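Peer 1:
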Amino acid sequence: MITNVRGKIIKIGVDWMDLDLGPVGVRINVPSSSITELGRIGETITVFTSFQVREDSMTLYGFESEESKASFESLISINGIGPRLGLAVLSMFSVSDLMHAVNTEDQLAFSKVPGVGKKTAGRIILELKGQLTQELSESDLGESHTEVIEALTALGYSFSEVKEAVRLSASSSDLPMEERIRSALEHLSG
128 MITNVRGKII
138 KIGVDWMDLD
148 LGPVGVRINV
158 PSSSITELGR
168 IGETITVFTS
178 FQVREDSMTL
188 YGFESEESKA
198 SFESLISING
208 IGPRLGLAVL
218 SMFSVSDLMH
228 AVNTEDQLAF
238 SKVPGVGKKT
248 AGRIILELKG
258 QLTQELSESD
268 LGESHTEVIE
278 ALTALGYSFS
288 EVKEAVRLSA
298 SSSDLPMEER
308 IRSALEHLSG
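According to my numbering, the residues represented by the sequence shown are 128 to 317, in order.
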């Protein structure tokens with residue numbers, strides 16, 4: 128498995144970039160919304176990757192953060208969502224926007240993605256509901272913070288912001304949920 132690559136950007140397309148890794152050059156498919164965030168031609172960058180092997184191809188998909196990569200892998204685990212459609216979803220949504228759309232069950236937002244109809248939008252919401260926050264909370268924060276994480280991401284904060292704020296206020300896990308949310312919000316605003 129190839130988890131990340133570091134190389135110099137030599138060519139950029141609408142939803143891909145070629146990296147020079149020394150003796151080898153690779154093409155990495157990336158969300159079109161991430162092209163400018165990842166870097167410019169000539170810059171050396173690190174890209175978090177998901178290596179997908181199909182019967183007729185081996186393809187690298189790249190992301191600017193581990194959270195984006197995890198969201199992509201969650202999306203393509205859904206029946207009927209392949210890597211191309213997963214990439215299209217992440218081209219339309221940031222990780223926090225994706226989580227917000229899932230938590231608010233916003234089918235209309237998902238159906239704006241080319242290739243996603245009402246039925247597929249419903250399936251994405253059904254499959255991802257709770258999965259993204261569960262992965263985040265189980266990773267290193269514990270189950271007691273799941274509701275706090277869901278509440279803060281529903282307010283539009285990103286995974287990384289919420290994760291850090293909850294971690295900083297983790298000592299308050301014996302407090303009522305309202306107090307834990309207030310404590311995490313203080314860390315987010317401070």
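Ideal Cβ placement from N, Cα and C applies to all residues, glycine included. Quantities reported herein were computed from a predicted structural model and do not represent experimental measurements.
(1) Can you name the residues that DSSP bridges to Ile136?
(2) In or out: Phe190 buried (at least 16 other Cβ within 10 Å) or exposed?
(3) Name the DSSP beta bridge partners of Thr186, please?
(4) Taking the alpha carbon of Gly152 as the reference point, which residue from Ile136, Gln179, Glu291 has its own alpha carbon closest?
(5) Taking just the CA atoms, how far does Leu315 sit from Trp143?
(6) Are the CB atoms of Ser198 and Leu165 nearer to each other than 8 Å?
(7) Output yes or no for whether 8 Å exceeds the beta carbon distance between Asn206 and Thr173.
(8) Phe220: buried (16+ other C-beta within 10 angstroms of its C-beta) or exposed?
(9) Using a threshold of 8 Å, state whether the C-beta atoms of Val293 and Leu255 are closer than that.
(10) Closer than 7 Å to a non-hydrogen atom of the ligand GTP - does that hold for the CB of Gly152?
(11) Hey, quick one: how far does the alpha helix (DSSP H) through Arg307 stretch, first residue to last?
Peer 2: Once the coordinates are examined:
(1) Its beta-bridge partners are Leu146.
(2) buried
(3) Gln179
(4) Ile136
(5) 34 Å
(6) no
(7) no
(8) buried
(9) no
(10) Here there are no bound small molecules, and the ligand GTP is not part of this structure.
(11) Following the DSSP letters along the chain, one finds Arg307 inside the alpha helix (DSSP H) bounded by residues 304 to 316.
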